[in-house]
Amino acid sequence: MARHPFGPQARRKARNRTYTVLALLVVVLVIAFIYGPFGAGAEDENKPLENDYPADSNADVNVPDISETIMVEQTGPSEPVAVAPQPQVIEIPEPETVTPEPDVLQIAPEPELTETVEPNPEADVLIAKAAGLIGQGTSGIVEARDSLNQALRMPMGPKQREYVKAQLSELSNVWLFSKTVLPNDPLCEGYRVKPGDILEVVGKQRKVPYEILMDINRITNPRALQAGRTYKVVNGPFHAKVYRSTFTMDLYLQNTYVCSFSVGLGTPSTETPTGLWRLRPGGKAYATSWRDPDTGRLHQPEDPDYPLGSRWMALDGLSGEAKGRDGFGIHGTKEPDQIGTAGSRGCIRMDNGEAIKVYNMLIDGLSLVEVTD
Numbered sequence: 012m013a014r015h016p017f018g019p020q021a022r023r024k025a026r027n028r029t030y031t032v033l034a035l036l037v038v039v040l041v042i043a044f045i046y047g048p049f050g051a052g053a054e055d056e057n058k059p060l061e062n063d064y065p066a067d068s069n070a071d072v073n074v075p076d077i078s079e080t081i082m083v084e085q086t087g088p089s090e091p092v093a094v095a096p097q098p099q100v101i102e103i104p105e106p107e108t109v110t111p112e113p114d115v116l117q118i119a120p121e122p123e124l125t126e127t128v129e130p131n132p133e134a135d136v137l138i139a140k141a142a143g144l145i146g147q148g149t150s151g152i153v154e155a156r157d158s159l160n161q162a163l164r165m166p167m168g169p170k171q172r173e174y175v176k177a178q179l180s181e182l183s184n185v186w187l188f189s190k191t192v193l194p195n196d197p198l199c200e201g202y203r204v205k206p207g208d209i210l211e212v213v214g215k216q217r218k219v220p221y222e223i224l225m226d227i228n229r230i231t232n233p234r235a236l237q238a239g240r241t242y243k244v245v246n247g248p249f250h251a252k253v254y255r256s257t258f259t260m261d262l263y264l265q266n267t268y269v270c271s272f273s274v275g276l277g278t279p280s281t282e283t284p285t286g287l288w289r290l291r292p293g294g295k296a297y298a299t300s301w302r303d304p305d306t307g308r309l310h311q312p313e314d315p316d317y318p319l320g321s322r323w324m325a326l327d328g329l330s331g332e333a334k335g336r337d338g339f340g341i342h343g344t345k346e347p348d349q350i351g352t353a354g355s356r357g358c359i360r361m362d363n364g365e366a367i368k369v370y371n372m373l374i375d376g377l378s379l380v381e382v383t384d
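Residue 12 is where the sequence shown starts when you use our numbering, and the numbers rise one by one after that.
So, in C-alpha cells, the structure goes:
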C-alpha cells in the first residue's frame with residue numbers, strides 16, 4: 012500500500028526540519044549579536060571617557076598648581092582673561108578717623124625774627140613800591156597790599172615788621188571792610204542777589220560767616236536780601252595766629268594779613284598749648300551758659316562774673332602740644348585788665364568788642380588758629 016504524502020511520518024519529518032532551521036537561525040543571530048555592531052567592541056567604543064582609577068588611587072596624576080595663573084575663557088568674543096589666584100586675606104583694623112592737618116604755617120609763613128634794628132633792604136624795596144601804588148588811589152590798593160604782604164614774609168627787624176603790619180591794617184579798611192569792590196582783587200568781589208538767596212548760604216559758599224558780609228554791606232536782616240542788588244562778598248576762610256610772647260593775635264584772610272588784636276593767655280601753670288587748632292564744627296556760641304569744671308558752678312550770661320564775655324569759639328587741637336586737646340577756646344571777657352596778661356586757664360581771652368569782630372570772621376570747621384611762642 013502506498014504511503015500518503017501527508018501522513019504522520021511525513022508531518023514529523025517536516026516539523027523536525029523546521030526546528031533544525033529555527034535552531035540554526037538562533038545560533039546565527041547569537042553569533043551576529045556577539046561579533047556584530049552591537050557587541051562588546053561597540054560597548055567599549057561608546058563608553059564615556061572617565062578616569063579608570065579610584066578617588067584615592069596613587070596613580071601619577073598631573074594636578075595643576077593653583078599658585079599659577081588660571082585661564083578662564085569668557086563667553087564673549089574677547090580673548091581669555093587671566094584670573095589671579097585669591098590672595099591671602101589679612102584682616103586690617105579700621106584706621107582711626109584723623110582730620111588732615113592743614114599746613115597752617117603757610118597761612119603766615121613768617122621767618123624767625125632776628126634781633127636787629129637794621130631794616131631789610133629787600134623789604135624796603137617792596138615797602139617803597141607799595142607807597143607809590145597807594146599814591147595812585149584805589150586802583151593801586153590791591154597791588155600795594157600784595158607787595159606789603161610779600162615783605163611781611165621776609166626776615167626783618169621788629170620796627171620794620173611793625174610798620175608793615177600797620178600799613179596792611181590801614182589798607183584792610185579799604186579793600187576788605189568797606190563796601191567798595193576793588194578791581195582785580197581775588198579776595199573780594201561783587202555778588203548779584205538772585206531771588207530766594209539767603210545770606211547765610213552765600214557766606215558758606217565762600218567759606219566765611221554771614222555776619223562778616225552783614226558788617227561789610229551794612230545789612231540788618233540777612234534773610235531779606237534785595238534780588239537784583241549787588242553786594243560785596245569775601246572769599247575765605249579767615250585764619251588766626253597767636254603769639255604767646257607778645258600776647259598778640261594776627262588775623263589773615265587766606266594768606267593775606269588783615270589786622271592784629273591783643274589777647275590774654277593761660278597762666279604758667281595752665282599755659283595755652285602751642286600748636287595747630289581748628290574751630291570746632293558747631294562750636295561758636297554767644298549768650299550761652301557755662302559750667303566751671305573746678306567748682307561745678309553753672310554760670311549764666313547775665314551773671315556779673317560770667318567768664319565767657321560776648322562770644323565763645325571752641326577749639327579742637329590738631330597738632331603740636333594742642334593735639335587731642337579740647338576744652339579750650341577763644342572768648343570775650345568782662346575783665347579788660349586781663350588782656351595782655353597770662354591770667355586764664357588756657358583759653359584765649361579778648362576784649363568783648365574785638366571778640367565779636369573775630370567771631371564774625373572765623374568760620375567753624377574751616378578756620379585755623381596757630382599758637383606759637
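For each residue, glycine too, the CB sits at the ideal point set by N, CA and C. Only a predicted model underlies this, so the values are computations on that prediction, with no experimental measurement involved.
>> I'd like to check one pair, Thr281 with Arg356: are the Cβ atoms closer than 8 Å?
In response: yes
>> Suppose you measure from the CA of Ala155 to the CA of Leu193; what does that come to, to the nearest Å?
In response: 12 Å
>> Measuring straight from C-alpha to C-alpha, what distance separates Met372 and Asn131?
In response: 32 Å
> In the DSSP assignment, what are the bridge partners of Lys295?
Replying inline: Met324
> Assuming Lys243 and Lys205 make a contact with CB atoms under 8 Å, what is their CB distance in whole Å?
Replying inline: Not a contact, Cβ separation roughly 16 Å.
>> If the criterion is Cβ atoms closer than 8 Å, does the pair Lys295 and Asp208 meet it?
In response: No.
> Around the C-beta of Asp314, are 16 or more other C-beta atoms found within 10 angstroms, so that it is buried, or is it exposed?
Replying inline: exposed
> In terms of alpha-carbon separation, which member of Asp157, Leu179, Phe272 lies closest to Ile367?
Replying inline: Phe272
> Among residues of its own chain, excluding the 5 on either side of Leu35, which ones have a beta-carbon nearer than 8 Å to its beta-carbon?
Replying inline: Counting only Cβ-Cβ distances below 8 Å, and skipping sequence neighbours, we find nothing.
> Is the CB-CB distance between Val253 and Val382 below 8 Å?
Replying inline: yes
> When the distance is taken between beta carbons, is Leu159 closer than 8 Å to Val175?
Replying inline: yes
> When you compare each of Ile152, Leu137, Asp196, Gln237 to Ser180 by their alpha carbons, which one comes out closest?
Replying inline: Ile152
> Applying the criterion that 16 or more other CB atoms from any shown protein chain within 10 Å of the CB defines a buried residue, is Ala139 buried or exposed?
Replying inline: The Cβ neighbour count for Ala139, taken over all protein chains shown within 10 Å, is under 16; the residue is labelled exposed.
> By DSSP, does Lys215 sit in helix, in strand, or in coil?
Replying inline: The three-state secondary structure of Lys215, taken from DSSP, is helix.
> With contact counted as at least three CB pairs below 8 Å, one residue from each stretch, are the stretch 340 to 348 and the stretch 214 to 226 in contact?
Replying inline: no
>> Here's the rule I'm using: 16 or more other beta-carbon atoms within 10 Å means buried, otherwise exposed. How should Arg229 be labelled?
In response: When all chains shown are included, Arg229 counts as exposed.
> Arg203: buried (16+ other C-beta within 10 angstroms of its C-beta) or exposed?
Replying inline: exposed
> Relative to the alpha-carbon of Cys358, which residue among Ala325, Met225, Asn266 has its alpha-carbon at the smallest distance?
Replying inline: Ala325
>> When you compare the CB of Ala139 with every CB in chain B, is at least one pair closer than 8 Å?
In response: Although the question refers to chain B, the structure presented lacks it and comprises just one protein chain.
> Got a sec? Which residues, its chain only, sit under 7 Å from Asp226 by beta carbon, not counting five neighbours each side?
Replying inline: Asn371
>> If I follow the unbroken beta strand (DSSP E) through Met260, where does it start and stop?
In response: 259 to 264
>> Just to confirm my understanding: we take Gly351, look at its own chain, exclude 5 residues before and 5 after, and list those with CB closer than 8 Å. What are they?
In response: Phe258, Ser273, Val274, Gly275
> According to the Cβ coordinates, are Ser256 and Asp384 closer than 8 Å?
Replying inline: yes
> Do you know how far the Cα of Pro197 is from the Cα of Glu365?
Replying inline: 26 Å
> If you draw a straight line from the alpha carbon of Ala333 to that of Pro318, how long is it in whole angstroms?
Replying inline: Cα-Cα distance, rounded: 22 Å.
> Which value, in whole angstroms, describes the spacing of the CA atoms of Asn389 and Gly214?
Replying inline: Any question about residue 389 goes unanswered here, given that the chain covers just 12 to 384.
> Rounded to the nearest angstrom, how far is the Cβ of Trp323 from that of Thr299, given a contact under 8 Å?
Replying inline: 6 Å
> Where do the ends of the alpha helix (DSSP H) carrying Ser271 lie?
Replying inline: Segment 267 to 273 is the beta strand (DSSP E) holding Ser271; no alpha helix (DSSP H) there.
> Whose C-beta lies closer than 6 Å to the C-beta of Ser150 among residues of the same chain, with five residues either side of it excluded?
Replying inline: The beta carbon of Ser150 sits closer than 6 Å to no other beta carbon from its chain once the five residues preceding and following it are set aside.
> First and last residue of the beta strand (DSSP E) that includes Met361?
Replying inline: Met361 -> beta strand (DSSP E) spans 359 to 362.
> When the distance is taken between beta carbons, is Arg302 closer than 8 Å to Leu329?
Replying inline: no
> Can you tell which of Arg308, Thr241, Thr278, Ala134 has its C-alpha closest to the C-alpha of Met167?
Replying inline: Ala134
>> What does the Cβ neighbour count give for Val245, buried or exposed, with the cut at 16 atoms within 10 Å?
In response: By the neighbour-count rule (16 or more Cβ atoms within 10 Å), Val245 is buried.
>> So, with DSSP's three-state summary, where would you put Tyr317?
In response: Three-state DSSP puts Tyr317 in coil, outside helix and strand.
> How would you label Thr278, buried or exposed, when you count the other beta carbons within 10 angstroms and need 16 or more for buried?
Replying inline: exposed
>> Distance check for Val185 and Gln311, CA to CA, integer angstroms please.
In response: 39 Å
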